[in-house]
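Here the sequence shown is numbered in the UniProt record's numbering, starting from 1 and rising by one per residue. Here the structure is laid out as structure tokens; the discussion comes afterwards.
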Amino acid sequence: MPEPSATLSDELADDPADLDTPGSAGRGVGLLMVVAGVLGLVAAMILTIDRFRLLEDPSTQLACNLSPFIACGPVMKSAAGALFGFPNPLLGIIGFSVVLTTGVVRSAGVALPRWYHRGLQVGVLLAAVFITWLQTQSLYVIGALCLWCMLVWSVTIPLVVVVTLENAATGRLGTGLQRLGTRLRPFAVTITGVWYLVVIAAIGLRFYREFALYWFGVAL
1 MPEPSATLSD ELADDPADLD TPGSAGRGVG LLMVVAGVLG LVAAMILTID RFRLLEDPST
61 QLACNLSPFI ACGPVMKSAA GALFGFPNPL LGIIGFSVVL TTGVVRSAGV ALPRWYHRGL
121 QVGVLLAAVF ITWLQTQSLY VIGALCLWCM LVWSVTIPLV VVVTLENAAT GRLGTGLQRL
181 GTRLRPFAVT ITGVWYLVVI AAIGLRFYRE FALYWFGVAL
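Here it is as structure tokens:
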């Protein structure tokens with residue numbers, strides 16, 4: 001009799017015991033990753049295109065330049081906009097492509113090996129550090145907000161929270177974090193909301209005078 005063909009899950013793991021069993025929760029995380037991947041990829045591609053337009057003609061007016069302090073141009077032209085010597089959005093295209101692909105695979109119910117989840121964990125933590133640094137640069141160094149960058153922030157935050165709590169709760173990050181992850185996982189939405197509020201508060205405290213003057217004509 002012919003031997004049964006190997007599944008994708010079997011091919012991804014050296015040892016079947018290293019595979020995580022997919023379930024409804026895993027598919028839910030997969031769906032979140034698909035949505036975050038699509039939105040993040042769109043934002044990164046638009047930012048990349050706009051950056052090349054600025055390289056061709058620095059005087060180009062971008063559609064996202066809505067006011068002196070809500071403008072993508074100053075952010076992309078800054079040193080922070082190309083931290084590694086090339087436009088940051090190129091990193092976004094790579095990263096969100098991985099997120100989208102992983103989300104599609106997980107939504108289909110395919111089990112992935114633990115080493116993959118751990119690698120993804122490293123990626124989302126680096127993304128969290130990177131967007132936090134970019135937020136501080138936008139608020140306190142550049143003095144401008146980029147709409148497409150803020151979309152990237154918005155999808156990265158829940159991605160970091162959900163992936164981290166899932167990995168911790170399922171023991172992928174070791175037994176030491178499993179109990180903490182299990183306790184905190186039901187509060188993923190709350191943690192995400194608090195993170196959003198902190199970012200919104202920081203933006204408000206930095207730009208409330210500009211908002212009041214530009215949008216309402218009130219000098220504070």
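Using N, Cα and C, we set each Cβ at its ideal position, and we do this for glycine too. Since this is a predicted model, take the numbers as computed values, not measurements.
DSSP, reduced to helix, strand and coil, places P158 within a helical segment of the structure shown. Between the region 68-79 and the region 28-36, the count of C-beta pairs closer than 8 Å stays below three; the two stretches do not touch.
Shown here, P113 sits in a strand according to DSSP, grouped into three states.
Secondary structure at L145: strand, using DSSP grouped into helix, strand and coil. Per DSSP, L91 is one residue of the alpha helix (DSSP H) stretching across 89-107. I70 is bridged by DSSP to L145.
Closest in alpha carbon position to R27, among R106, G85, I49, is R106. The closest CA to that of G103, considering only Y214, V155, V29, R209, is found on V29.
Annotated three-state conformation of T60 is coil, per DSSP. Per DSSP, the unbroken alpha helix (DSSP H) holding A201 starts and ends at 188-216. When DSSP states are grouped into helix, strand and coil, T170 belongs to the coil group. Between T192 and V161, the C-beta gap is smaller than 8 Å, which places the two residues in contact.
Between the region 167-180 and the region 127-144 there are fewer than three C-beta pairs closer than 8 Å, too few to call the two in contact. Setting aside the 5 residues that flank it on each side, L54 is surrounded in the same chain by T60, L62, G73, M76, K77, each with a C-beta closer than 8 Å to its C-beta; the list follows chain order. Assigned with DSSP and collapsed to three states, A219 falls in coil, not helix or strand. The C-beta of R183 has fewer than 16 other C-beta atoms within 10 Å across all chains shown, which makes the residue exposed. By the Cβ rule, the region 38-54 counts as touching the region 145-153, because three or more pairs are nearer than 8 Å.
In the three-state reduction of the DSSP assignment, G181 falls in the helix class.
For A128, same chain residues with a beta-carbon under 6 Å away, outside a window of 5 residues either side, are V160 in chain order. With at least 16 other beta carbons inside 10 angstroms of its own, D50 counts as buried. In this structure, the CA atom of T164 is about 27 Å from the CA atom of L47. Within the model, the alpha-carbon separation for W153 versus P58 is close to 25 Å.
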